[in-house]
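Before any comments, here is the structure.
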Ligand code: NAD
């Protein structure tokens with residue numbers, strides 16, 4: 163059978179484990195704006211890596227899925243039901259950026275996808291690639307993986323405009339029943355954080371650390387001020403770890419008192435830091451941190467700050483992972499002014515593809531993608547965003563950069 167004739171098979175998810183066949187069907191949402199440009203470069207790179215790593219034995223059977231403006235033109239819906247149903251069946255998908263429709267209705271398609279599939283963990287690895295222009299003296303000292311809670315906190319969408327009936331009614335309740343000092347006429351928002359939502363996020367971070375030979379999980383919270391939400395997030399994390407990972411977790415105190423600062427093999431340190439101090443720590447002592455587990459808002463801020471630190475905002479990858487569904491995505495937006503110009507950096511989506519390959523257990527191909535991207539950057543023929551800041555950098559198009567990455571696999 164030639165590769166072109168191969169019929170794809172579904173990825174399955176049973177008892178918490180994905181089974182990935184050699185020719186898996188994987189969803190591909192090219193996205194809006196620059197999405198189609200970066201997706202076509204990404205697809206070329208991922209296909210080449212898989213073909214090379216497995217000598218043609220494995221191949222991804224991409225399933226193009228409609229979402230965003232193109233879908234709206236075709237079907238009248240930005241996020242058609244058929245797309246959602248297909249993602250549910252496929253289990254794993256990769257997506258380019260989607261523009262947020264203006265006007266009423268859907269708040270953001272990305273948020274809608276996260277909520278629809280309960281993709282509770284936003285995972286963003288941040289590390290330095292040699293040659294990427296950056297503002298630090300030793301950018302390579304930062305190598306962290308951020309697990310950001312994706313469904314709760316002040317991002318839950320529970321807020322009411324100042325002067326609205328809802329805000330007035332809620333304000334009156336808070337004043338009358340709970341003696342809370344809330345000025346009449348205030349806008350109000352609610353910050354829900356549950357034991358279940360917090361524990362499952364911290365559990366994923368710990369499991370990831372154990373599976374990937376990482377040595378520490380740090381819970382980043384603002385529990386000194388928000389005791390019952392952020393403080394509880396941290397306490398629920400410790401409680402869950404004690405109940406579920408007692409043989410694999412050690413405390414920060416034990417690390418020094420019992421193990422002279424060397425985490426024993428097969429174990430990880432679970433500790434916590436106050437969010438504002440953590441921003442300083444990641445600038446001043448980045449090499450001391452590893453996997454971070456954060457509530458929604460802290461994680462949003464921290465992941466962009468970390469990406470900027472390694473010069474990698476334009477090449478920062480991400481994944482949104484739930485229980486049995488995972489969607490890998492470029493973390494930047496649709497950059498409409500560059501749409502269709504074959505100009506922008508496909509690195510963010512390519513590295514999201516690397517994360518996807520690793521997630522599928524196809525680590526050989528994932529490693530090949532990462533090494534080839536690194537080699538291409540060192541070759542200094544890069545897209546405009548890197549070329550303009552790089553000494554001796556030469557600007558190439560998005561598709562040419564993709565081809566240079568493929569060439570670097572040889
Ligand atoms: P943006 O990330 O699209 O673009 C801001 C600027 O960053 C661009 O003008 C460009 O200079 C640069 N840039 C972005 N991606 C780049 C790349 N791959 N290579 C080189 N340069 C790049 O942010 P925005 O302008 O605030 O948002 C535009 C649209 O994207 C909005 O509709 C927004 O809702 C949407 N958005 C989507 C996502 C997502 O799908 N995950 C994320 C953020 C924004």
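In our numbering, the protein residues as written are 163 to 572. Where a beta carbon is used, it is the ideal one built from N, C-alpha and C, also for glycine.
Less than 8 angstroms between the beta carbons of residue i and residue j, yes or no?
i: residue 398; j: residue 360; result: yes
i: residue 412; j: residue 429; result: yes
i: residue 338; j: residue 449; result: no
i: residue 350; j: residue 325; result: no
i: residue 311; j: residue 456; result: yes
i: residue 215; j: residue 527; result: yes
i: residue 391; j: residue 434; result: no
i: residue 458; j: residue 321; result: no
i: residue 196; j: residue 545; result: no
i: residue 203; j: residue 483; result: no
i: residue 516; j: residue 531; result: yes
i: residue 468; j: residue 308; result: yes
i: residue 523; j: residue 542; result: no
i: residue 384; j: residue 437; result: yes
i: residue 249; j: residue 188; result: no
i: residue 318; j: residue 571; result: no
i: residue 492; j: residue 465; result: no
i: residue 566; j: residue 558; result: yes
i: residue 454; j: residue 316; result: no
i: residue 260; j: residue 238; result: no
i: residue 353; j: residue 425; result: no
i: residue 227; j: residue 274; result: no
i: residue 344; j: residue 472; result: no
i: residue 535; j: residue 201; result: no
i: residue 258; j: residue 223; result: no
i: residue 400; j: residue 432; result: yes
i: residue 104; j: residue 207; result: Residue 104 lies beyond the residue range present for the chain, which begins at 163 and ends at 572; the question has no answer from this structure.
i: residue 489; j: residue 281; result: yes
i: residue 368; j: residue 395; result: no
i: residue 246; j: residue 277; result: no
Bridge partners of residue i, per DSSP?
i: residue 175; result: 180
i: residue 383; result: 436
i: residue 563; result: According to DSSP, which records beta bridges pairwise, residue 563 is partnered with nothing at all.
i: residue 316; result: Per DSSP, none; premise fails for residue 316.
i: residue 543; result: 556
i: residue 482; result: 284 and 489
i: residue 187; result: 223
i: residue 311; result: 283
i: residue 305; result: 289
i: residue 532; result: Paired residues: none, contrary to the question.
i: residue 430; result: 411
i: residue 201; result: Its beta-bridge partners do not exist; DSSP assigns none.
i: residue 322; result: 350
Does any C-beta atom of chain B lie closer than 8 angstroms to the C-beta of residue i?
i: residue 245; result: No chain B is part of this structure, which consists of one protein chain only.
When you measure from the CB of residue i to every non-hydrogen atom of ligand 2, does any distance come out below 7 angstroms?
i: residue 221; result: In the structure shown, ligand 2 is absent; the only ligands present are ligand 1.
**Asked** Hey, which unbroken runs of the beta strand (DSSP E) at 3 residues or more fall wholly within the region 490–514?
**Response** none
**Asked** On the three-pair Cβ rule with 8 angstroms, is the region 217–229 touching the region 295–311?
**Response** no
**Prompt:** Hey, which unbroken runs of the beta strand (DSSP E) at 3 residues or more fall wholly within the region 221–294?
**Reply:** 223–226, 254–257 and 283–289
**Request:** Output the residues surrounding ligand 1, defined as those with a CB atom closer than 5 angstroms to any ligand heavy atom, in chain order.
**Result:** 259, 260, 261, 262, 272, 476, 494, 495, 496, 497, 506, 507 and 547
**Item:** Length-filtered (3 minimum) beta strand (DSSP E) runs lying within the region 324–360
**Value:** none
**Item:** Minimum length 4: unbroken alpha helix (DSSP H) runs contained in the region 434–472
**Value:** 437–446 and 458–471
**Prompt:** Three or more C-beta pairs closer than 8 angstroms, one from the region 170–180 and one from the region 466–481: is that the case here?
**Reply:** no
**Message:** Which runs of the beta strand (DSSP E) at least 3 residues long sit entirely within the region 371–425? Give them in chain order.
**Reply:** 378–383 and 411–413
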